[in-house]
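Undergrad:
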Amino acid sequence: MQPAQEQSPHHAYPDHWEADVVLRDGGTARIRPITADDAERLVSFYEQVSDESKYYRFFAPYPRLSDRDVHRFTHHDYVDRVGLAVTVGGEFIATVRYDRIDERGRPASAPADEAEVAFLVQDAHQGRGVASALLEHIAAVARERGIRRFAAEVLPANTKMIKVFRDAGYTQQRSFEDGSVHLTLDLEPTAESLAVQRGREQRAEARSVQRLLAPGSVAVIGAGRTPGGVGRTVLRNLLGAGFTGRTYAVNRAFAAGLATVDGVPAHRSIGEIGEPVDLAVVAVPADRVPEAVADCGEHGVQGLVVLSAGYAEWGAEGRDRQRELVRQARSYGMRIIGPNAFGLINNAETVRLNASLAPEPPAPGRIGLFTQSGAIGIALLSGLYRRGAGLSTFISAGNRADISGNDFLQYWYEDPDTDVALLYLESLGNPRKFTRLARRTAAVKPVVVVKGARHSGSTPPGHAVPISRIPDATVSALMRQAGVIRVDTVTEMVDAGLLLADQPLPAGPRVAILGNSESLGLLTYDACLAEGLRPRPPLDLTTAATPQDFRNALAEALADDGCDSVIVTAIPWVGEDGEAEAGDGEGLADALHTAAAAGPAKPVAVVHVEIGGLAEALAAATSTVAQPRPAAPSAPEARTGATTPPDPAPGPAGPLTSAPGTRAGRIPAYPAAERAVRALAEAVRYAQWRRQAAAPGKVPEFLDDTIDETGAAELIDTLLGPDPDPRGRPLVHEEARELLGRYGITVRPTLPAPDPDSAVAAAALLGYPVALKTTAPHLRHRADLGGVRLDLSNEAALRRAYGELTDLLGKPAELRPVVQAMAPRGVDTVVRATIDPAAGAVLSFGLAGAPSELLGDTAHRLVPATDRDAAELIRSIRAAPVLFGWRGAAPVDTASLEELLLRVSRLVDDHPEVVSIALEPVVVAPQGLTVLGASVRLSPPPPRTDLGPRRLPNY
């Protein structure tokens, strides 16, 4: 919304302050600056505020606003005087205003850094978290304008407003003066304020998903007059699933006298229904969707599932139509699944919702499934159905213009009916947020992800999201750092999901293998070794083994403290009459169920070949239905006012195993050894991550004594200058050395050698032995091309090397030779940090040269890195043995290398202007290390949306 002409010409309308937010009850609202055009809206808003709320705002009866008041509250300079409004349906429901003041409380301008702030929330919208969201946004605006503190006067009886300030998490002071409470808030974000903000975000977004999944009533807009078609199909599926709420069919083409369709009330509009509608499924052509959305919004519908196509998947025009759809829906406080969606399913017995195009809903279970593709959703539903798996919830979000996988991670985090989250993703709209949410969710329940469109180099049609420049291998590494189980195919996702949903997590990598086929056992053994597991020699029960033999062997393996999991292999066995018995799958399943239920809680998987009925019998639980795992705890920093989950997890990472007899009787079955082992290996790695996540790493305090953060900030400001180039600038060698030195990173100096005499002078200054190197871009770090001469111990050797270099490779002006003192012998490594606009800061490590450049053997972690991250980083590359004494060599000083990684991480985390660092080579010796080369690039800092106030993305 642009300001009127009379708005202050000195400061442009700050449209980047506009934001859509999710409120505490799951509805949405828009926050934006107040302009001179808002006079009528302000007056209308104030008339709907109670006298009590007006009294709390002005400390006196104030029945109406004068013309002068209206002018003052709608005219701002967006620097010293700022007003924000919260709107729903285009009308104000709340306002906040700050005025910059000096130390005496009088109006002021910069450099004064304090402002008086005041809120007013319409009574009908109090309790929805409106003021808390407004405080986050007005505080961010104030910080942007150089304001560091808020002052507020609040009447003691206004307990709601006092609580808003108290619970915000900012450092604050309170005093009682002249009959009012005087509050001062330091606006610098704290760990507590960020935790409060994220806790509120989680509860609000989870609630917005819950409103979609558990509606009390559903209207299908576009249900046809005759059987067939998308709308009528959804209506039939709703009825077939036994939806427990009210259902309505809506179509503007219905005849005036039509009373019912498929036995449900038929209406020509939402307005005609005359009762509240919680969820609307929109199945009309795209050009008629705006009319349907307006009808829903004007009559209080809480959420939409838009099945209609013709949006961003159709190109630029469709993308504009999609953005307008989201804007329109959010303006009414509604959230959207879709457009181009397949629908959603909630199998909870109290809901039984199938608002999708899936004709047969999956059986109830404890797996949550999110997919961005309808076709993949169908395939997954079919695969899970064949394997006997059940779902708690299913969502196919299509273009996911609004509701995304992030929202469902927020919901599943505390959902007691979901034990495993499966996600098929083709794009990540907010990778930083996804990583943060996935890490938190994975600490209490497994998160399995398949990432489609990994190598296309472009966003899938219909997905208008930020483009990340980091390669897929880096994305995979960052997911694993967050505890996400990243698999390559939907088949692998189903395989892993079944084992994780039905079996306890393994305590370690030791695997017992037993079965009636020596060959199948050996295949399983080899597969375990390939996946990094520690298998025991297979136990061959011979083809004469009976189900009782399997039962006894499984019971013995489970009781053995030397194994952490068991894989049972089975082929048709030979009966007493010598005939192969391929159809006694139920007998074998009963035997395995009995042994598993009686033994210690260890995961069991079955690999079978051509045994009729075995997979189905194994999928049928013989014990009671799986008990819900303890609910994840709410964020402890933000628990004020939240409902405490009934069964809080006993530790930061929740339970890792179940007691005997309490788990589901289902045992996952696989048609190939490799598939069973891969699923088990993922469970082993995830369980290890869970154990480590229970005691997270930290940044060592000793770094603080050797880091000059303030000095580095001043140097960066000087290097960027008052008007920095938005494209950034690389630092020259000495600038990079100085900046890195502020963080305790010493780069060995290099001196230019434009001619042989300069080289000799440089060597005399540095001390022999020296290295002579070219720094031309095409030869940099290319010793294989002859651009480096090492161990030059005297002047004669240096002059000879200089002549050879120039004769072989070109003139000195082209080669840009430099001289550098020799470093102790060691392993050449490379340390990098880059800022990706979508994923954030990424720290990388590898061995210099071919291992990292040719083979891609590089490890990655998100910044800020902890001591554990640094240790894992250098140990997770395939060439790591070289650092630890491979083939009799002396181990290098990995402790110094870990410290260097932590220092680089701190530098880019403390100073977002540092957009890239490359230290190459870093020679790690048995004692200490030497940084021989460094390149640094500075740029104006990119926006950090993950640290700002809550807001919904606009793609």
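The sequence shown begins at 3 in our numbering and counts up by one.
Using N, Cα and C, we set each Cβ at its ideal position, and we do this for glycine too.
Being a predicted model, the structure only gives us computed values, none of them experimental.
Between which two residues does the alpha helix (DSSP H) holding K813 run?
TA: Looking at the DSSP string, K813 is not in any alpha helix (DSSP H), and its letter there is neither H nor E.
Undergrad: Hey, quick one: how far does the alpha helix (DSSP H) through D551 stretch, first residue to last?
TA: Unbroken alpha helix (DSSP H) run through D551: P549 to A561.
Undergrad: Do you know offhand how far R631's Cα is from G367's?
TA: Bear in mind that a pLDDT of 41 at R631, under 50, signals an unreliable position, so the number given afterwards is only what the model happens to contain. Near 13 Å, if we compare the C-alpha coordinates of G367 and R631.
Undergrad: Given this structure, state the Cα-to-Cα distance separating L507 from A288, to the nearest angstrom.
TA: If I take the Cα positions, the gap works out to 47 Å.
Undergrad: Once DSSP output is grouped into helix, strand and coil, what is the label at P883?
TA: Here P883 sits in helix by DSSP.
Undergrad: In terms of residue numbering, what span does the alpha helix (DSSP H) encompassing L500 cover?
TA: V492 to D504 is the extent of the alpha helix (DSSP H) around L500.
Undergrad: What is the rounded straight-line gap between the Cα of R438 and the Cα of E274?
TA: Between R438 and E274, the C-alpha separation is close to 44 Å.
Undergrad: Can the beta-carbon of E93 be found closer than 9 Å to that of D104?
TA: Not in contact: E93 and D104 (Cβ atoms no closer than 9 Å).
Undergrad: Give me, in chain order, the residues of the same chain whose beta-carbon lies closer than 6 Å to that of A867; leave out the 5 immediate sequence neighbours on both sides.
TA: Cβ within range, chain order: L845 and S907.
Undergrad: Looking only at its own chain, which residues have a Cβ that is under 8 Å from the Cβ of L237, when we skip the five neighbours before and after it?
TA: Here the set comprises V222, A225, T249, A251, V263, D264 and V266.
Undergrad: According to the Cβ coordinates, are V910 and A843 closer than 9 Å?
TA: Cβ distance < 9 Å, so V910 and A843 count as in contact.
Undergrad: Quickly, what does DSSP pair F372 with across the bridge? List them, please.
TA: In DSSP, F372 forms a bridge with I397 and L425.
Undergrad: Is the distance from the Cβ of I397 to the Cβ of T373 below 9 Å?
TA: Cβ atoms of I397 and T373: closer than 9 Å.
Undergrad: Would you report the Cα separation of T624 and H595, rounded to the nearest angstrom?
TA: Bear in mind that a pLDDT of 38 at T624, under 50, signals an unreliable position, so the number given afterwards is only what the model happens to contain. C-alpha separation (whole angstroms): 7 Å.
Undergrad: Throw me the rounded Cβ distance for the L767 and E740 pair, which I believe falls under 8 Å.
TA: Not a contact, Cβ separation roughly 19 Å.
Undergrad: Mapping DSSP to helix, strand and coil, what is Y250?
TA: In this structure, Y250 counts as strand in the three-state DSSP scheme.
Undergrad: Would you kindly check if the distance between the Cβ of E207 and the Cβ of Q412 is under 9 Å?
TA: In this structure, E207 lies closer than 9 Å to Q412 by Cβ.
Undergrad: Give me the Cα-Cα distance between P635 and K447, rounded to the nearest whole angstrom.
TA: With a pLDDT of only 36 at P635, under the threshold of 50, the placement of this residue in the model should not be trusted; the figure read from the coordinates follows. Between P635 and K447, the C-alpha separation is close to 12 Å.
Undergrad: With contact counted as at least three CB pairs below 8 Å, one residue from each stretch, are the region 142–150 and the region 194–208 in contact?
TA: Result no; under three Cβ-Cβ pairs closer than 8 Å.
Undergrad: Going straight from the alpha carbon of F256 to that of L241, what length do you get?
TA: Going from the Cα of F256 to the Cα of L241 covers about 20 Å.
Undergrad: So, helix, strand or coil for D725, using DSSP?
TA: Residue state, collapsed to three classes: coil.
Undergrad: Excluding the five sequence neighbours on either side, which residues of its own chain have a C-beta within less than 6 Å of the C-beta of P951, listed in chain order?
TA: So the list reads E138, H139 and A142, once near-sequence residues are dropped.
Undergrad: What is the residue span of the beta strand (DSSP E) that A133 lies within?
TA: Unbroken run through A133 is the alpha helix (DSSP H), V132 to E146; no beta strand (DSSP E).
Undergrad: Going by Cα to Cα distance, which pick from V829, A479 and W691 is closest to V865?
TA: Nearest of V829, A479 and W691 to V865, Cα basis: A479.
Undergrad: So the candidates are I272, D409 and A153; which of them puts its Cα closest to the Cα of L214?
TA: Among I272, D409 and A153, the Cα nearest to that of L214 belongs to D409.
Undergrad: Looking at the secondary structure, which residues open and close the alpha helix (DSSP H) in which H73 lies?
TA: Its alpha helix (DSSP H) spans residues D69 to T76.
Undergrad: So, does the CB of R70 fall closer than 9 Å to a CB anywhere in chain C?
TA: Absent from the structure is chain C; it holds one protein chain and no more.
Undergrad: For N356, list the residues DSSP reports as bridge partners.
TA: DSSP lists I347 as partners of N356.
Undergrad: Which residues does DSSP list as the beta-bridge partners of K453?
TA: Paired residue(s): L427.
Undergrad: Excluding the 5 residues preceding and the 5 following D280 in the sequence, name in chain order all residues of the same chain whose CB lies nearer than 6 Å to its CB.
TA: Correct list, in chain order: P217, G218, S219 and Q304.
Undergrad: From which residue to which residue does the alpha helix (DSSP H) around Y100 run?
TA: Careful: Y100 lies outside any alpha helix (DSSP H), inside the beta strand (DSSP E) at E93 to I103.
Undergrad: Given a cut-off of 9 Å, decide if T443 and Y415 are closer than it, judged by their beta-carbon atoms.
TA: Closer than 9 Å, so yes.
Undergrad: Which parts of the region 278–337 are runs of the alpha helix (DSSP H), unbroken and 4 residues or longer, counting only runs that do not cross its ends?
TA: Runs of the alpha helix (DSSP H) inside the region 278–337: 291–300 and 318–333.
Undergrad: Would you identify the three-state DSSP class for R631, choosing helix, strand or coil?
TA: With a pLDDT of only 41 at R631, under the threshold of 50, the placement of this residue in the model should not be trusted; the figure read from the coordinates follows. Of the three classes helix, strand and coil, the one that applies to R631 here is coil, per DSSP.
Undergrad: Hey, is the region 25–32 in contact with the region 76–93, meaning 3+ C-beta pairs nearer than 8 Å?
TA: Cβ pair count under 8 Å is three or more, so yes.
Undergrad: Just curious, the beta strand (DSSP E) that S177 is in, first and last residue?
TA: Taken as a continuous stretch (DSSP letters only), the beta strand (DSSP E) holding S177 covers T173 to E179.
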